[in-house]
Amino acid sequence: MPGRLKIVLQVAAVSVVALLLALLGWQVFQKDKKPDLGRAAPLFTLPHLGSDEELSLASLRGKVVVLNFWASWCNPCKGEAPLLESAWNRYKDEGVVVVGVDAQDFDVDAQRFVDNAGITYPVVRDRHGSTLGHYGVTGFPETWFIDARGRLVGEHVVGPLTEEDLERNIKIALGEPA
Amino acid sequence: MTRWMVAALVIALAVVAPAAASEQNPTLPELERELICPTCHESLAASTSPIADRMRAFIRSRIAAGDTKSEIKAKLVDQFGESVLAAPPKSGFNLLAWVLPLAGVALAAGIVAVLAYRWSRSRKPEEAAGPSANGRFHLDPELERRLDEELARYDT
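Chain order of the listed sequences is S and E.
In this text, residue positions in the first sequence follow numbering that gives the first Met the number 0: the first is 0, and each later residue adds one.
In this text, residue positions in the second sequence follow numbering that gives the first Met the number 0: the first is 0, and each later residue adds one.
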């Protein structure tokens with residue numbers, strides 16, 4: 000094999016290995032990386048639970064969004080669902096929307112959960128879990144708060160919400176003194 | 000010739016028949032090995048998460064209902080996405096995941112074969128020749144010179 004060709008092949012082989020390692024590193028670094036507070040909330044469009052109709056986060060611009068990630072098999076989610084429903088009923092006239100994102104779940108289980116908890120706020124189904132990585136969700140429940148300009152504000156609550164968490168962060172998102 | 004054809008047919012049947020039986024009458028353990036828990040990303044067989052328990056219950060109910068293995072997997076993919084499969088499906092872009100490793104192995108084997116052939120051809124004639132007519136091996140001239148010197152010193 001001519002010396003020049005050999006060197007070209009060696010450089011190509013090393014480059015391919017370096018590229019694969021860089022891709023692996025990037026993938027590991029990006030996975031479940033939380034978005035920064037104050038930055039734009041990652042957009043998504045997902046079907047409503049039990050329907051083909053879709054909800055786009057962009058369509059809620061101008062409203063405060065309480066974005067709650069849950070699954071029917073998650074016990075703490077059962078405890079916080081009534082708090083979210085109560086907040087939705089209390090604040091919807093002030094331009095606040097609670098959006099439930101159900102993931103890693105069966106449709107039928109999610110629907111049963113919604114019926115049993117008496118949830119009336121919009122619930123979307125993330126069948127492929129595509130939003131989880133974008134929002135850095137590593138378990139259920141987790142909640143983000145989005146202001147009217149579409150920015151992530153307040154606290155990213157990991158675990159079940161309390162009444163105080165909800166009140167404080169909704170007020171922050173509304174721009175009211177907490 | 001006929002004997003070879005019968006042997007090939009028997010082998011083909013031995014491979015295909017269990018696969019067909021598994022497709023028509025899947026068992027929970029084999030599906031557990033072919034599926035991944037969506038929350039912990041472990042094999043469903045190893046996972047103890049709540050959703051893994053729920054998936055096992057779903058699989059049992061679908062087996063009881065007479066679903067084939069492909070139908071059960073398709074229903075789980077519909078609920079959880081393709082990441083629930085331990086191995087990517089052999090279609091579309093995912094086919095690359097099956098073809099590329101085989102192509103890589105074939106390419107590597109080809110490169111090794113070519114290099115081995117070139118290496119064997121490029122050996123020095125005296126290395127390849129082995130013992131000469133009088134049964135002695137050819138030595139490197141420098142080594143031979145040193146050996147002669149040592150022997151001469153020994154003789155004196």
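Every residue gets a Cβ at the ideal spot worked out from N, C-alpha and C, and that includes glycine.
As for any alpha helix (DSSP H) of minimum length 4 sitting wholly inside the segment 34-59 of chain S, there is none. Distance between E/Pro49 and S/Trp72, taken at the CA atoms: about 6 Å. Of all residues in the segment 52-73 of chain E, the ones placed with a Cβ closer than 9 Å to any Cβ belonging to chain S are Asp52, Arg53, Met54, Phe57, in chain order. With the criterion set as a beta carbon lying under 7 Å from some beta carbon of chain E, the members of the segment 124-137 of chain S are Arg126, His127, Gly128, in sequence order.
Between S/Ala86 and S/Val96, the C-beta spacing is not below 8 Å. Under DSSP, S/Ala102 forms a beta bridge with S/Asp125. Secondary-structure assignment with DSSP links S/Thr142 through a beta bridge to S/Asn67, S/Val156.
For S/Phe105, the residues of chain E that pass the 8 Å Cβ criterion are Arg53, Phe57, Gln78, in the order they occur in the chain. For the segment 71-94 of chain S, residues whose beta-carbon sits nearer than 8 Å to a beta-carbon of chain E comprise Trp72, Cys73. Contact between the segment 99-106 of chain S and the segment 118-131 of chain S is present, with at least three C-beta pairs closer than 8 Å. The alpha-carbon separation between S/Thr119 and S/Val113 amounts to approximately 8 Å.
The beta carbon of S/Leu36 sits closer than 6 Å to those of Leu151, all from its chain and outside the five residues before and after it, given in chain order.
Between S/Gly128 and S/Gly138, the alpha-carbon positions lie close to 12 Å from each other. Comparing alpha-carbon positions, the option among S/Asp104, S/Lys5, S/Leu82 lying closest to S/Thr161 turns out to be S/Leu82. Rounded to whole angstroms, the gap between the alpha carbons of S/Tyr90 and S/Leu165 is 11 Å. Contacts with chain S at 8 Å (Cβ-Cβ) do not include E/Thr47.
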